[in-house]
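Numbering (the working numbering), first residue to last: 622 to 890.
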DNA sequence: TACATATGATCAT
DNA sequence: TGATCCTATGTAA
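Right, dumping it as C-alpha cells:
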C-alpha cells in the first residue's frame, strides 16, 4: 500500500521491466480502454515518481499518470496470469505483465498537465535528499497548521502518508498538535532528515520499517520485524517501545494518528 | 452475506 | 466535517 516509498520503488521497477521493448497496453476492465490505446504497442522511455504520483513517459509523447490513492495496487504477474475484471490497466511485454487495480487516478496527459501536477507538490524527500531540507523548512516553519496535518499535506512535503507521519513525529519527540512555526530550525531540519532516511529505507525494503536496531532488542529476524516494525502507528493502548507509558490514539486532519505522550513533547513540555 | 477497514484525496455542505 | 470514489481483505453474523 502506497506512501511515497511505494511509488518510487514502483517507478524503478516499472522502468526496469517495461523500457526494453514495445509494451502492450490493455484495460481488461474497460474503463481505461481509450487511454490504453494511446500507448498500446509503443515504448516506455522512463518512469518517475513525484511524491505519491507516478508518471510514465512514452516515445510518442504521451504521459501515463497514476495515483494509487488509498486502495490502488500495481503488481507484477507472470505473462500467463489472467486479469480479473477489476484490472484497470495491464502493461505487457514479452516476459512480464503489470496490472493496475483500484487507482484513484489513471489517465494519459501531456507535458503541460504534468508540469501543473508537479507544481502542486512540495519537496519530495526521495527526489531531493538532503538538499530539499531548505524548502521544507521554509514551508513548515511559517505555518500555524499542526504538524500532524502539515505532514499529510502534499504541498508542504510530498510523499508522506498516515503511517510515516505518526512515526516521524515519534522519532523526533514532537506531538502532532505542535504547529510548524513553534519549531526551531534545528527541529525542522531533523524532521526532514528523518523523513529522507525513512523513505529511502522504505523504498529499498519495499515496506515501512521505522524501528531502529537499538530499540529492537534481540536479533532482527523477518518474523520479529513483521511484529515490531513501527513505534506508534495503530498501537493505541499498547505500551511504548521506549518508555513505560501507553500510546495515545487521536485524530488529525480527519484521520487517526498515534503518539506517545511521554516521549513526545508539546510546545510547553 | 454483510460489514468494517485500509499506507488518499476531493468535493459538497 | 461528512460523503464519496476505487478494490481487497478480514471478521462478524
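For each residue, glycine too, the CB sits at the ideal point set by N, CA and C.
DSSP-derived helix/strand/coil call for residue i
i, result
"residue 825", "helix"
"residue 870", "strand"
"residue 787", "helix"
"residue 675", "strand"
"residue 762", "helix"
"residue 817", "helix"
"residue 627", "helix"
Alpha-carbon to alpha-carbon, residue j and residue i
i, j, result
"residue 852", "residue 812", "16 Å"
"residue 693", "residue 628", "11 Å"
"residue 679", "residue 664", "6 Å"
"residue 828", "residue 651", "31 Å"
"residue 860", "residue 654", "50 Å"
"residue 622", "residue 818", "19 Å"
"residue 644", "residue 830", "34 Å"
"residue 976", "residue 637", "There is simply no residue 976 to check, as the chain begins at 622 and stops at 890 in what is shown."
Beta-carbon proximity check, residue i vs residue j, cutoff 8 Å
i, j, result
"residue 878", "residue 787", "yes"
"residue 775", "residue 690", "no"
"residue 676", "residue 686", "yes"
"residue 886", "residue 761", "no"
"residue 646", "residue 710", "yes"
"residue 741", "residue 717", "no"
"residue 708", "residue 649", "yes"
Which residues DSSP lists as bridging residue i, in chain order
i, result
"residue 720", "696 and 711"
"residue 878", "871"
"residue 665", "679"
"residue 728", "686"
Of the listed residues the options, nearest to residue i (C-alpha basis)
i, options, result
"residue 888", "872, 724, 805 and 777", "805"
"residue 715", "881, 700 and 863", "700"
"residue 772", "750, 746 and 751", "746"
Any non-hydrogen atom of the ligand ATP closer than 7 Å to residue i Cβ
i, result
"residue 801", "Ligands displayed in this structure: none; no statement on the ligand ATP is therefore possible."
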